[in-house]
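**Q** Counting from 265, one number per residue, gives the positions in the sequence shown under our numbering.
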Amino acid sequence: MQLAPMPAELEQLVCGGRVVDLSALQAATHYDDGYSQHSTAIRWFWEVVHSLDDAQQKRLLFFITGSDRVPIKGLGHLSPPFVISRNGNDNTRLPTAHTCFNHLLLPAYKDKDTMQQRLLLAIENAEGFGLL
Numbered sequence: 265m266q267l268a269p270m271p272a273e274l275e276q277l278v279c280g281g282r283v284v285d286l287s288a289l290q291a292a293t294h295y296d297d298g299y300s301q302h303s304t305a306i307r308w309f310w311e312v313v314h315s316l317d318d319a320q321q322k323r324l325l326f327f328i329t330g331s332d333r334v335p336i337k338g339l340g341h342l343s344p345p346f347v348i349s350r351n352g353n354d355n356t357r358l359p360t361a362h363t364c365f366n367h368l369l370l371p372a373y374k375d376k377d378t379m380q381q382r383l384l385l386a387i388e389n390a391e392g393f394g395l396l
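As structure tokens, this is what we get:
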């Protein structure tokens, strides 16, 4: 009989998961300010996100939530839930996030390539916050 969790189980409990399940996140996402799951910008967003490599997916998760680890119950159970809101039509503006609220402010870009460039620029240069 085993009473103590194994090291991998303990890491999962303390640090969260490592595998980013984008389908679970997509299914649980809420939309606001004129966006819906059927909006062109939202379709482009998920196409771009699903094309990211593992490291970029973790950077996106960090950008949105402030952590690159998946919560214990998975991304479908973020609290508060992940919300994507429209943030104007300015093609020069980068996406922004409110990590305490799992809220992404996403401009309605003119095309998918612009969205991909701006999203990658935002997630690759996000520093977050913390104590030194």
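Idealized CB from N, CA, C, for every residue including glycine.
Between the C-alpha atoms of Arg382 and Val347, what's the straight-line distance to the nearest angstrom?
**A** The straight-line gap from Cα to Cα measures roughly 18 Å.
**Q** Could you check what DSSP says for Thr293 in three-state terms: helix, strand or coil?
**A** The answer is coil: DSSP assigns Thr293 none of H, G, I, E or B.
**Q** Does the separation of the CB atoms of Ala361 and Phe327 fall below 9 Å?
**A** Closer than 9 Å, so yes.
**Q** Could you tell me if Leu396 is buried or exposed, where buried requires 16 or more neighbouring beta carbons within 10 angstroms of its beta carbon?
**A** Bear in mind that a pLDDT of 47 at Leu396, under 50, signals an unreliable position, so the model cannot answer this.
**Q** Measuring CA to CA, which of Thr329, Glu391 and Leu339 is closest to Ser287?
**A** Looking at the Cα atoms, Leu339 is the closest of the given residues.
**Q** Which residue from Thr363, Asp317 and Leu342 puts its Cα closest to that of Gln290?
**A** Out of Thr363, Asp317 and Leu342, Leu342 has the C-alpha closest to the C-alpha of Gln290.
**Q** Identify every residue that forms a DSSP beta bridge with Thr360.
**A** Bridge partners of Thr360: Leu369.
**Q** In chain order, what residues of the same chain have a beta carbon less than 7 Å from the beta carbon of Lys322, not counting five sequence neighbours either side?
**A** Excluding sequence neighbours, Lys322 sits near Val284 and Asp332.
**Q** Quick one: what's Arg350 bridged to in DSSP?
**A** For Arg350, which the question treats as bridged, DSSP gives the partners Leu370.
**Q** Would you mind stating whether Leu368 and Gln320 have Cβ atoms separated by less than 9 Å?
**A** No, Cβ-Cβ distance for Leu368 and Gln320 is not below 9 Å.
**Q** Between which two residues does the alpha helix (DSSP H) carrying Leu316 extend?
**A** From DSSP, Leu316 is part of no alpha helix (DSSP H); its letter is neither H nor E.
**Q** Mapping the DSSP letters down to three states, classify Ala305 as helix, strand or coil.
**A** It is helical.
**Q** Which whole-angstrom value describes the C-beta separation of Leu325 and Asn351, a residue pair presumed to lie in contact below a C-beta threshold of 8 Å?
**A** Going by Cβ atoms, the distance from Leu325 to Asn351 rounds to 20 Å, so no, they are not a contact pair.
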